[in-house]
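Scroll down for the structure; my scribbles are underneath it.
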Amino acid sequence: MPTGDSLRVMQSFGAPRLTSNPYIHMLDAALDSEPGLEHLRFDRRTALLGRYDVLHFHWPETLFGGATPVKRVARRLFGTVLVARLRLTGVAIVRTLHNVELPDVDSRWERFVLRWIDRRADFHIRLNDSTPVRPGIPSAVIPHGHYRDWFARFETVPAAPRSLGFVGLVRRYKGVEALIERFRETASRLGDWTLRVSGNPSTPQLADEIRELASPDDRISVDLRYLSEDDFARAVMSVSGIVLPYRFMHNSGTALAALSLDRPVLVPRNDVNEALALEVGDGWVTMFEGDLTADALAAFAEATNALPATGPDLDDRGWSLVGARHREAYARAVRSRRGHA
């Protein structure tokens, strides 16, 4: 157990860059300001030779892969030594379960390391109650913090009347093609409404397909490119409501970002989104059953005209709370590891 009340915790991410996930920026700042916590960004030398009480993995696969053969060999050597150190010491391992499944990686060695980390973890952090954990491992739910402070630096943009939008990385599983097709079916009911798709497609083929689907309907516009944080915020604020027709949704940063910018969302019905709807209050989260339909789009469009006078309730997602909850999770992980020794 560490001496005194201070915990020395290394994250699996380094200093955040301009292009880093905003979650990393905000968590980095929250942990850095948390009393009784010595926050260490990831450093390979310190990871192998330094002193720390906890190693907190977020997306561990980013540490062990490599774009070139030389980098892959170097990272494999590093990973092997790190695993050996963690086997031999009392360092507690915490994992945040950002995804339900382990990531799909290229090599058997990477799969071995990721599975070892998963088995060796002393504590799991879940972003919602629906994320499964390994039986017998201590865990806590720490909801993803809101984006209100993150977006406060950007100029407010009024929503265009009678407008819906999709914003974010464009992937097959996100159902953007179906969104365009269903919106085209609303011409008789939403003839004076518009739909704007903003974000970077995963492949040129998907971009071409989206453009082709959108072209017959002049109510639909597309902006298929990488969005800066400013561009992202503007794209969300410039429409009356955000539609996220994902085929599978577990933790949606885009839904939370839209709510942080006081824009309602249309999302698939599941346990996670039902809990989110209860949390933020009536009128802000609308859900559709099964596949997205034109009727669901029309009903959501109508609902955006009657939003509550107050914004979504995101008080439980303040970053000072997130920092304090992480500190408690680290303390529990250390106690758990000590019990295993």
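By numbering that gives the first Met the number 0, the letter at position 111 of the sequence shown is numbered 110, and the numbering carries on one by one without gaps. Ideal Cβ placement from N, Cα and C applies to all residues, glycine included.
Item checked: Cβ-based burial, valine 266 [other Cβ within 10 Å; buried from 16] -> As a position in the sequence shown, residue 266 is number 267, starting the count at 1. With 16 or more Cβ atoms within 10 Å of its Cβ, valine 266 is classed as buried.
Notebook entry, point to check: Where does alanine 177 fall in DSSP's three states?
Noted result: As a position in the sequence shown, residue 177 is number 178, starting the count at 1. Three-state result, alanine 177: helix.
Check: Terminal residues of the continuous alpha helix (DSSP H) containing aspartate 27?
Finding: Here residue 27 corresponds to residue number 28 of the sequence shown, with the count starting at 1. Run containing aspartate 27: 21-31, per the alpha helix (DSSP H) assignment.
Margin query: For valine 245, which residues in the same chain have their Cβ closer than 8 Å to its Cβ, ignoring the five residues on either side in sequence?
Written below: Taking the sequence shown and counting its residues from 1, the one referred to as residue 245 is at position 246. The sequence shown places tyrosine at residue 245, not valine. Hits under 8 Å: Tyr172, Lys173, Gly174, Ser251, Val266 and Pro267.
Item checked: N-terminal and C-terminal residue of the alpha helix (DSSP H) that proline 68 is part of -> Within the sequence shown, numbered from 1, the residue matching residue 68 stands at position 69. In the DSSP annotation of this structure, the continuous segment of the alpha helix (DSSP H) that includes proline 68 starts and ends at 68-87.
Next item on the list: For proline 200, name the three-state secondary structure that DSSP assigns.
Entry: On the sequence shown, residue 200 is found 201 positions in, with the first residue counted as 1. In this structure, proline 200 counts as strand in the three-state DSSP scheme.
Checklist line | Collapsed DSSP secondary structure at glycine 240 in the structure displayed | finding: In the sequence shown, counting from the first residue as 1, residue 240 sits at position 241. Glycine 240 falls in the strand class under three-state DSSP.
Next item on the list: Check whether the Cβ atoms of threonine 253 and valine 321 lie closer than 8 Å to each other.
Entry: In the sequence shown, counting from the first residue as 1, residue 253 sits at position 254. In the sequence shown, counting from the first residue as 1, residue 321 sits at position 322. Not closer than 8 Å, so no.
Item checked: Nearest residue (CA-CA) to valine 242, options Thr309, Thr303 and Val156 -> One-based indexing of the sequence shown puts residue 242 at position 243. Restricting attention to Thr309, Thr303 and Val156, the CA atom closest to the CA of valine 242 is found in Thr303.
Next item on the list: Would you kindly work out how many angstroms separate the C-alpha atoms of alanine 139 and arginine 94, rounded to a whole number?
Entry: Here the question's residue 139 lines up with position 140 in the sequence shown. Here the question's residue 94 lines up with position 95 in the sequence shown. The straight-line gap from Cα to Cα measures roughly 11 Å.
Notebook entry, point to check: Whose CA, out of Glu60, Thr45, Ile136 and Arg16, lies closest to the CA of glycine 338?
Noted result: The residue you call residue 338 lines up with position 339 of the sequence shown. Comparing Cα positions, the closest option is Ile136.
Check: Would you say the segment 271-289 touches the segment 303-317, given that touching needs at least three Cβ pairs under 8 Å?
Finding: Result yes; three or more Cβ-Cβ pairs closer than 8 Å.
Next item on the list: Compute the beta-carbon to beta-carbon distance between isoleucine 91 and aspartate 27, rounded to the nearest angstrom, for a pair I have assumed lies under 8 Å.
Entry: Against the sequence shown, residue 91 aligns to sequence position 92. Against the sequence shown, residue 27 aligns to sequence position 28. Per the sequence presented here, residue 91 reads as alanine, with isoleucine not at that position. About 20 Å separates the two Cβ atoms, so there is no contact after all.
Check: By DSSP, does alanine 46 sit in helix, in strand, or in coil?
Finding: Start at 1 with the first residue of the sequence shown, and residue 46 comes out as number 47. In the three-state DSSP reduction, alanine 46 falls in the helix class (H, G or I).
Next item on the list: Within 10 angstroms of the Cβ of threonine 2, are there 16 or more other Cβ atoms? Answer buried if so, exposed if not.
Entry: Counted from its first residue, the sequence shown places residue 2 at position 3. Low confidence applies here, because threonine 2 scores a pLDDT of 48, under 50, leaving its location unreliable; read the following figure in that light. Per the 10 Å Cβ criterion, exposed.
Notebook entry, point to check: Secondary structure at alanine 302, three-state DSSP: helix, strand or coil?
Noted result: As a position in the sequence shown, residue 302 is number 303, starting the count at 1. Three-state result, alanine 302: helix.
Item checked: Given serine 162 as reference, the closest of Gly240, Ala274 and Thr202 once Cα atoms are compared -> The count along the sequence shown starts at 1 and reaches residue 162 at position 163. Of the listed residues, the one whose Cα sits closest to serine 162 is Gly240.
Item checked: Which of helix, strand or coil DSSP assigns to leucine 96 -> For the purposes of this step, residue 96 is taken as the residue at position 97 of the sequence shown. Here leucine 96 sits in strand by DSSP.
Notebook entry, point to check: Helix or strand or just coil, what does DSSP make of histidine 325?
Noted result: Numbered from 1 along the sequence shown, position 326 holds the residue referred to as residue 325. Here histidine 325 sits in helix by DSSP.
Item checked: Inter-stretch contact (C-beta, 8 Å, three-pair minimum) for the segment 207-216 and the segment 177-195 -> Three or more beta-carbon pairs drawn from the segment 207-216 and the segment 177-195 are found closer than 8 Å, and the two stretches are therefore classed as touching.
Item checked: Interface flag, arginine 125 vs chain B, CB-CB below 8 Å -> The structure shown contains no chain B; it is built from a single protein chain.
Checklist line | Residue interval of the beta strand (DSSP E) (run including serine 162) | finding: In the sequence shown, residue 162 corresponds to position 163, counting from 1. Under the DSSP assignment, serine 162 falls in the beta strand (DSSP E) whose first and last residues are 162-166.
Notebook entry, point to check: Going along the chain, which residues of its own chain have a beta-carbon closer than 7 Å to the beta-carbon of alanine 256, five neighbours each way excluded?
Noted result: Taking the sequence shown and counting its residues from 1, the one referred to as residue 256 is at position 257. Taken in chain order, the residues that qualify are Tyr146 and Val235.
Next item on the list: Output the distance between the C-alpha atoms of arginine 50 and isoleucine 116, rounded to the nearest integer angstrom.
Entry: To locate residue 50, count along the sequence shown from 1; it is residue 51. To locate residue 116, count along the sequence shown from 1; it is residue 117. Distance between the alpha carbons of arginine 50 and isoleucine 116: 19 Å.
Notebook entry, point to check: Helix or strand or just coil, what does DSSP make of methionine 0?
Noted result: Counting from one through the sequence shown, the residue named residue 0 turns up at place 1. Because methionine 0 sits at a pLDDT of 46, beneath the cut-off of 50, its placement in the model cannot be relied upon, and the following sentence gives the value as read from the coordinates. Here methionine 0 sits in coil by DSSP.
Notebook entry, point to check: Going by beta carbon distance, what residues of the same chain come within less than 7 Å of valine 156, once the five residues before and after it are set aside?
Noted result: For the purposes of this step, residue 156 is taken as the residue at position 157 of the sequence shown. Contacts found: Arg233, Met236 and Ser237.
Next item on the list: Please list, in chain order, all residues of the same chain as serine 32 whose beta carbon is under 7 Å from its beta carbon, the five residues on each side excluded.
Entry: Along the sequence shown, one-based indexing puts residue 32 at 33. Once the five neighbours on either side are set aside, the close Cβ partners of serine 32 are Gly322.
Next item on the list: Tell me whether the beta-carbon of alanine 300 lies closer than 8 Å to the beta-carbon of leucine 189.
Entry: To locate residue 300, count along the sequence shown from 1; it is residue 301. To locate residue 189, count along the sequence shown from 1; it is residue 190. Going by C-beta atoms, alanine 300 is nearer than 8 Å to leucine 189.
Note to self: Within a Cβ cutoff of 8 Å, which residues of the same chain sit near asparagine 199, ignoring the five residues on either side of it in sequence?
What the structure shows: For the purposes of this step, residue 199 is taken as residue 200 along the sequence shown, with counting starting at 1. The residues are Leu168, Val169, Leu223, Arg224, Tyr225 and Leu226.
Check: Going by alpha carbons, who is nearest to alanine 83 out of Lys70, Trp192, Leu296 and Ala46?
Finding: One-based indexing of the sequence shown puts residue 83 at position 84. Among Lys70, Trp192, Leu296 and Ala46, the Cα nearest to that of alanine 83 is on Ala46.
Next item on the list: Sort His38, Arg336 and Ile124 by Cα distance to valine 99 and report the nearest one.
Entry: For the purposes of this step, residue 99 is taken as residue 100 along the sequence shown, with counting starting at 1. Cα-wise, what sits closest to valine 99 is Ile124.
Note to self: Taking the straight line between their C-alpha atoms, what separation do you get for serine 259 and leucine 87?
What the structure shows: Here residue 259 refers to the residue found at position 260 when the sequence shown is read from its first residue. Here residue 87 refers to the residue found at position 88 when the sequence shown is read from its first residue. Computed Cα separation, rounded: 44 Å.
Next item on the list: Can you say whether alanine 151 is buried or exposed, counting buried as having 16 or more other CB atoms within 10 angstroms of its CB?
Entry: By 1-based counting over the sequence shown, the position of residue 151 is 152. With fewer than 16 other Cβ atoms within 10 Å, it is exposed.
Item checked: Spatial neighbours of isoleucine 209 in its chain, beta-carbon cut-off 8 Å, leaving aside the 5 residues before and after -> Counted from its first residue, the sequence shown places residue 209 at position 210. These residues qualify, in order along the chain: Val169, Val175, Glu176, Ile179, Val196, Pro200, Val221 and Leu223.
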